[in-house]
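Student:
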Amino acid sequence: MSEYLFLYRGGSRPESPAEGEQVMQRWISWMQDLETKGHLKDRGQPLEGEGKVVRGKQRSITDGPYAESKDIVGGYTLIEAKDLTHAAELAGGCPIFDREGLVEVRPVMKM
Amino acid sequence: MEPGEHLFRQESGRIVTALSRIFGLDNIALAEDVAQDVFCRALEVWKLRGVPHTPSAWLMKAARNRAIDVLRRERTARSLVPELGRLLESEWTMVATVNELFASETITDDQLRMMFSCCDPRLSEDAQVALTLRLLCGFTTAEIAGAFLSTNAAIEKRIERGKKILASSKRLFDFADAELPARLSAVHRTLYLLFNEGYHGASRETPVRAELCREATRLAALLLDNARVATPASHALCALMYLNAARLPARVDARGNLVPLARQDRALWDRTLIARGNELLDRSATGCELSEYHVEAAIASLHSGAATDGDTDWERLLWLYDILMRIRPSPVTALNRAIAVAQREGPESGIAAIRAIPASEQLAAYPFFPAALGELELRAGRLERARSHFEAAAALARNPMERRFLESRVEAATGEPHR
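The listed protein sequences correspond, in order, to chains H and R.
Following this note's numbering, the numbering of the first sequence begins with 1 at its first residue and continues without gaps.
Following this note's numbering, the numbering of the second sequence begins with 1 at its first residue and continues without gaps.
#1: Determine whether the beta carbon atoms of A210 (chain R) and L248 (chain R) lie at a separation below 8 angstroms.
#2: Rounded C-beta distance between P65 (chain H) and K47 (chain R)? I'm assuming under 8 angstroms.
#3: Could one say the Cβ of C40 (chain R) lies closer than 8 angstroms to chain H's Cβ atoms, at least one of them?
#4: Would you mind sorting T54 (chain R) into buried or exposed? The rule is 16 or more other CB atoms within 10 Å of its CB.
#5: Quick check on DSSP: helix, strand or coil for P400 (chain R)?
#6: How would you write the range of the beta strand (DSSP E) that V95 (chain R) sits in, first residue to last?
#7: Answer yes or no: does any C-beta atom of chain R fall closer than 8 angstroms to that of P17 (chain H)?
#8: What are the boundary residues of the beta strand (DSSP E) that includes E32 (chain R)?
#9: Would G44 (chain H) and L78 (chain H) qualify as a contact pair, given that the criterion is a beta-carbon distance under 8 angstroms?
#10: How many whole angstroms separate the CB atoms of L219 (chain R) and G198 (chain R), which I take to be in contact at a CB cut-off of 8 angstroms?
#11: How about V53 (chain H) and T62 (chain H): are their beta carbons less than 8 angstroms apart?
#12: Residues in the stretch 43-66 of chain H with C-beta within 7 angstroms of chain R's C-beta atoms, listed in sequence order?
#13: Taking CB distances under 8 angstroms as the criterion, tell me whether R99 (chain H) reaches chain R.
#14: Across which residues does DSSP place S2 (chain H) in a beta bridge pair?
#15: Measuring only the C-alpha atoms, how far is R355 (chain R) from N336 (chain R)?
#16: How would you write the range of the beta strand (DSSP E) that T62 (chain H) sits in, first residue to last?
#17: Tell me the DSSP secondary structure of Y192 (chain R) in three-state form.
#18: Would you verify that the beta carbon of I72 (chain H) is, or is not, closer than 8 angstroms to some beta carbon of chain R?
#19: Let me know if W27 (chain H) comes out buried or exposed under the rule of 16 or more other beta-carbons within 10 Å of its beta-carbon.
#20: Under a Cβ-count criterion, where at least 16 other Cβ atoms within 10 Å of its own Cβ denotes burial, should N27 (chain R) be classed as buried or exposed?
#21: Counting contacts by CB-CB distance shorter than 8 angstroms, is R49 (chain R) in contact with chain H?
#22: In this structure, how does DSSP classify Y8 (chain H) when only helix, strand and coil are distinguished?
#23: When the Cα atoms are used, what is the spatial distance from L383 (chain R) to A221 (chain R)?
#24: Where DSSP assigns a beta bridge to K52 (chain H), which residues make up the other side?
#25: For P14 (chain H), which of helix, strand or coil comes out of DSSP?
#26: Could you check if G305 (chain R) is buried or exposed, using at least 16 other CB atoms within 10 Å of its CB as the buried criterion?
#27: Could you check which residue in R:L224, R:N257 and R:A340 has the C-alpha nearest to that of S284 (chain R)?
#28: May I ask you to report which of helix, strand or coil DSSP gives G101 (chain H)?
#29: Is there a Cβ of chain H sitting closer than 8 angstroms to that of H53 (chain R), yes or no?
#30: Given that H6 (chain R) touches chain H, what residues does it touch there, using C-beta distances under 9 angstroms?
#31: Contact criterion: CB-CB distance below 8 angstroms. Does M24 (chain H) meet it with respect to chain R?
#32: So what does DSSP say about G310 (chain R), is it helix, strand or coil?
#33: For W314 (chain R) and chain H, any beta-carbon pair shorter than 8 angstroms?
#34: How long is the line joining the alpha carbons of L123 (chain R) and V98 (chain R), rounded to whole angstroms?
#35: Taking its Cβ as the centre, do 16 or more other Cβ atoms sit within 10 Å of K37 (chain H), making it buried, or is it exposed?
#36: Which residues in chain H have a C-beta closer than 7 angstroms to the C-beta of T97 (chain R)? List them in chain order.
Structure follows, in structure tokens:
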């Protein structure tokens, strides 16, 4: 088993709290499924939409997020899977795809 | 958390109320925005972290923190005129005052006061209902418009007018106000309309309607927790809601078709709700006040106690309808009374009673008016007349469920499938 980081990018905001609750329920079932099957290493955290970007030798500071809003990382989760293909399969169950978002799957570098 | 329980509906009223006391009644929109933001953030966190053990406490804490942030930020940006003025302006007293407004007992009491503020006599009943749904149940404009088959623009207008009235009253309704009895009647009426919209209403979506019933019942139950407003009529209104809600599982069959009371599978009726309703009805029988809710609850209780439709005590039902016609006459009540007459004395008497309904033109758009005539003509064996009544009823249907049901009655009067 190796570790993989899921980065949740984009995804439209719910129109109403009622809709939001439905979306949340789907995420919770997905997470529960990952947990029961022993894939969940760290549930991770959601991230704020705002931020700062520090760059260059000058350490110039600008307001982030720098990418287009559809690409903004909204949260992350650390999971365990057999290999990258398996990890990508697991990401396929994420409810973010119903809302025009995507999951970036990145292997954690091993020794 | 149970799916469909809609935690935020329950908490929205509490949070918006507390926030509107903090930001002032003329800043309800700000209170709503902050509440909405709290919910959205909660859902983002819970999505990944799971729902906390006490979601309600989590939300209250988050709302309180956001309120403090906003107060600190807005104090310089614009002038908030909170009900508690200076206490919230000074950094010394601000946090303690906000904490106090978010204390469980304060918030419960304030939520009730907000309900009374929404039922201001300067607002139409429709506007009172819309404002209550918005501020106490967190319904969006689109959700209210969907439930009442209205347009977003029309609902938005009602809510805006409601908010203006609220803003002009500066503070929440005070239970020491001499106007309390009249205002309590208006609250009863609003909750009754809310429940009925869910029960009999025109919305095509069953879940939306069940939610209206649930919200009306939840708000009515709040009245019983406060000695000043837990009157016999408040108990009777709650009893009525429980007793009617008990029949909800049997009102629509597995294929989504409407099932009239006489043909419902009574095994599906919720016995727990019936017991609770009857208990409240007993408790409502104190003092000498007899409200329409007492009589309507007694009618619902009578139905719920009959093992089959044939076992219904029609004599007593008719007596109750006669009382209801004296307390609060309405064409729909007169129609229901006429149906009870038919059950006791036969279809001809029933038809005569329907024909004798005063102001029956108010029922011109009500599909169950011609439908009732159709049923009685059918029972009298006059198929041709029955069919034309059912056809008229089907043409008035307000949603696909009603239409399917009424078209099936056309078929019943034809003996051939209706096209």
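We treat Cβ as the ideally placed atom computed from N, Cα and C, and that holds for glycine.
Tutor: The relevant details are as follows:
#1: yes
#2: Actually they are not in contact, since the Cβ atoms of P65 (chain H) and K47 (chain R) sit about 19 angstroms apart, beyond 8 angstroms.
#3: yes
#4: exposed
#5: helix
#6: Counting along the chain, V95 (chain R) falls outside any beta strand (DSSP E), though it belongs to the alpha helix (DSSP H) covering E91 to L101.
#7: Taking Cβ atoms only, chain R reaches closer than 8 angstroms to P17 (chain H), which makes this a yes.
#8: Run containing E32 (chain R): none in the beta strand (DSSP E); it sits in the alpha helix (DSSP H), I28 to R49.
#9: yes
#10: So it is not a contact: roughly 12 angstroms between Cβ atoms.
#11: yes
#12: R43, G44, Q45 and P46
#13: No, no contact with chain R.
#14: Paired residue(s): H:A81.
#15: In a straight line, the C-alpha of R355 (chain R) is about 13 angstroms away from that of N336 (chain R).
#16: S60 to G64
#17: helix
#18: Chain R contact via Cβ: absent.
#19: buried
#20: N27 (chain R) should be labelled buried.
#21: yes
#22: strand
#23: Within the model, the alpha-carbon separation for L383 (chain R) versus A221 (chain R) is close to 46 angstroms.
#24: H:D63
#25: coil
#26: exposed
#27: R:L224
#28: strand
#29: By this cut-off, H53 (chain R) is not an interface position.
#30: Going along chain H in sequence order, the residues near H6 (chain R) (Cβ under 9 angstroms) are P17, A18 and E21.
#31: yes
#32: DSSP places G310 (chain R) within a helical segment (H, G or I) once states are collapsed to three.
#33: no
#34: Going by the C-alpha atoms only, they are around 30 angstroms apart.
#35: Classification of K37 (chain H): exposed, given that the 10 Å Cβ count is below 16.
#36: Within 7 angstroms Cβ-Cβ: nothing; T97 (chain R) doesn't reach chain H, min ~27 angstroms.
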